[in-house]
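Under our numbering, residue 304 is the last one in the sequence shown; the count climbs by one each step, no gaps.
The beta-carbon is built from N, C-alpha and C at its ideal position, and this holds for glycine as well.
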Amino acid sequence: MRFKSFFIASSIVLGLTQLCYGQAGTIVGSKHDFSLANNTWNFSTPVTAQLQGQICRPCHAPHNSNIRDVAAIGGGYSNTPGAGSFGPLWDHTLSTQTYNIYSQGYNFWKEGAATVGNPDGSSKLCLSCHDGTVALANFRTFATATTKMSTFNGGASNLGTDLSTSHPISFTYNTALATTDHKIWDPSSTPSGVHSGTIDADMLENGKLQCISCHDAHNGAGVNRLLIKSNVGSALCFTCHKL
Ligand code: HEC
Ligand code: HEC
Ligand code: HEC
Ligand code: HEC
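Following this line, the structure appears as structure tokens:
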């Protein structure tokens, strides 16, 4: 009995830890599980028989991946090695679009003014499917697929190229911005509630807010819409916004 309650107690503790840091999800069964049968684009030509139905493959390749590095400055992915760069074995064909970006014209409090640039860093990886201009099954040597996000599932997940109607991305979010805009938390000292670190450590990429500040492509938290943490009661928004 003692033994059993020990196990119950430890699973409660484990469960709480998972709740606190939201690490209970998996890509399997999520919208990014491209092995699910509704992803017909991942099962048909030109994707060859040995590749079809894989989960990771439309995004990553274990060898000879398409894009090796991200330039440290500007964050544009390229094949030129650069200091501080990373490339998560990325294989999906990148988009060549220019975007209409978020303008701070609506700044609520007439203070704070994040300098929003063109999408960079890993946001370009997301937009390689989610701007709706590159076929979902286009990666490296496969460049003739036709199904794009703009038509897949009625375009439900297509952001398009007008990002002015989306939350701003690809800008530096630091102590200085939080000092000017008193309605956002200081990312260098505020806990994220995602892992055990700060907003800066757990949600920003090289100090910048990107798609992965709110989403986890691998569904690590197991929250709807691949969110990085639960947004019940707008908890995700309140992580950074002091309202
Ligand atoms: C829909 C696209 C997509 C799919 C599918 C995907 N990934 Fe990723 N992965 C990304 C992106 C984007 C990044 C870089 C951003 C980041 O670190 O979250 C990344 C980063 C990574 C990293 C480095 C950072 C980390 O989280 O450890 C690893 C390892 C990784 N992926 C493994 C995998 C494996 C294994 C699979 C299949 C089971 C997979 N990924 C499926 C998009 C994807
Ligand atoms: C990772 C931190 C973070 C999260 C999470 C986050 N935001 Fe933001 N948001 C910011 C920062 C930083 C700015 C830029 C503030 C500035 O320029 O002063 C911003 C800007 C905005 C703006 C534009 C304000 C303006 O003045 O034009 C709105 C509206 C907004 N966020 C709403 C939301 C909502 C709604 C959510 C939840 C779905 C959310 N944010 C989640 C950090 C975040
Ligand atoms: C290989 C193409 C591809 C890449 C790259 C990709 N996605 Fe997706 N994503 C998809 C597909 C396909 C769906 C399912 C669309 C649907 O069913 O409407 C999807 C769905 C989503 C959804 C909606 C989930 C839901 O529950 O409705 C979110 C959020 C999302 N992706 C975020 C991202 C982010 C953030 C990145 C980058 C870190 C990314 N995606 C990279 C293909 C991709
Ligand atoms: C500030 C947080 C935040 C950022 C940054 C962000 N998203 Fe989202 N995203 C959300 C939330 C919250 C939802 C769920 C909205 C809902 O349920 O109504 C969502 C929903 C989505 C969906 C589902 C379709 C939809 O419109 O509901 C997709 C696809 C998506 N995001 C992709 C992306 C991509 C790609 C990026 C980067 C270009 C990005 N997101 C940046 C918070 C964010």
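Only counting the same chain, and skipping five residues up and downstream in sequence, which positions put a Cβ closer than 8 Å to that of residue i?
i, result
"Asn235", "Pro248, Ser249, Asp261 and Gly268"
"His228", "Tyr163 and Cys275"
"Trp246", "Ala239, Ile260, Thr300, Cys301, His302 and Lys303"
"Pro123", "Leu150"
"Gly178", "Ile162, Ser231 and Phe232"
Would you kindly work out how many angstroms separate the C-alpha atoms of residue i and residue j, rounded to a whole number?
i, j, result
"Cys120", "Thr87", "16 Å"
"Leu297", "Val89", "23 Å"
"Ser96", "Ser126", "20 Å"
"Gln271", "Gly114", "28 Å"
"Gly215", "Leu265", "31 Å"
"Asn280", "Asp94", "10 Å"
"Asn161", "Asp223", "5 Å"
"Asn99", "Arg201", "23 Å"
"Phe203", "Ala217", "24 Å"
"Ser105", "Asp263", "37 Å"
"Thr226", "Thr205", "30 Å"
"Asp277", "Thr176", "24 Å"
"Asp181", "Lys244", "25 Å"
"Gly221", "Cys187", "12 Å"
"His256", "Ala237", "24 Å"
"Val293", "Gln158", "34 Å"
"Asn103", "Ile273", "24 Å"
"Phe213", "Asp152", "20 Å"
"Thr251", "Ser295", "17 Å"
Apart from the five residues on each side of it in sequence, which residues of its chain come closer than 6 Å, Cβ to Cβ, to residue i?
i, result
"Asn219", "Gly193, Met210 and Ser211"
"Val195", "Thr154, Ser156 and Ser189"
"Leu307", "Residue 307 is absent from the model: the chain starts at 62 and stops at 304."
"Thr233", "Gly268 and Lys269"
"Ser291", "Val284"
Do residue j and residue i count as a contact pair if the criterion is CB distance below 9 Å?
i, j, result
"Thr300", "Gly254", "yes"
"Ala174", "Thr241", "yes"
"Leu288", "Ser91", "no"
"Ser184", "Ile116", "no"
"Thr101", "Thr207", "no"
Residue range of the alpha helix (DSSP H) that residue i falls in?
i, result
"Ala262", "Ile260 to Met264"
"Ser164", "Premise fails: Ser164 is in no alpha helix (DSSP H) and is neither H nor E."
"Ala237", "Thr236 to Thr241"
"Ala296", "Ala296 to Cys301"
"His191", "Ser184 to His191"
Please report whether the beta-carbon of residue i lies at a distance below 9 Å from any beta-carbon of chain C.
i, result
"Ser250", "Considering every chain present, this structure includes no chain C. It has just one protein chain."
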